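Down below is the structure, laid out as structure tokens.
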Amino acid sequence: MYKVDLSPDPKEVAAIEARRNREKERQSRFFNVRTRVMGVDVKALNSQVEERKLREATEQSKEAAYGTYQEQYDLVAQMLEKEEAERTRRLNKKVQEFREQKQQLKNRQEFDLWDPGRLWMEFPAYLGPSDPPCGPASLQCFAG
0 MYKVDLSPDP KEVAAIEARR NREKERQSRF FNVRTRVMGV DVKALNSQVE
50 ERKLREATEQ SKEAAYGTYQ EQYDLVAQML EKEEAERTRR LNKKVQEFRE
100 QKQQLKNRQE FDLWDPGRLW MEFPAYLGPS DPPCGPASLQ CFAG
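Taking numbering that gives the first Met the number 0, the leading residue of the sequence shown gets 0, the next gets one more, and so forth.
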């Protein structure tokens, strides 16, 4: 009545084998301490770390190149500032020399108006007792 020696259906055998494989894979994941504790894909994390290191390295190289260019620009700016200061100094020196040579006080038009020695050069204050410019109101000479 009952057939005991029946061969199993190949589809059922394949399904059972697939279930066993999935269970083994699940157990290997579950019992693996690193995967269980972290709970994430380690390969993906490692690739992210590598990408970050690569990005930081490129950033550092850019910063180094920028620093080099900045130093060069600073040197050029300092040289230009020195040249400008030297040009300004030479111009000021020429202006001062011109003033000393061409713009002396005695060469000005209004020099005779405020010349401090003009009064001393016009006529002396006192020539003697018979001084004609001195009248009786000057009170410069007394008989004594």
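In this text, a Cβ means the ideal position worked out from N, Cα and C, and glycines have one as well. The model shown is predicted, which means the values in this text are computed figures rather than measured ones.
Rounded to whole angstroms, what is the Cα-Cα separation between residue 41 and residue 56?
22 Å
To the nearest angstrom, how far is the alpha carbon of residue 115 from that of residue 100?
One C-alpha to the other measures close to 21 Å.
Would you grab the beta carbon distance between residue 110 and residue 104 for me? Rounded to a whole angstrom, and I think it's under 8 Å.
About 6 Å separates the beta carbons of residue 110 and residue 104, which is inside the 8 Å limit, making them a contact pair.
Please state the DSSP three-state secondary structure of residue 6.
coil
What three-state label does DSSP hand residue 94 in the structure shown?
DSSP places residue 94 in helix when its eight states are reduced to three.
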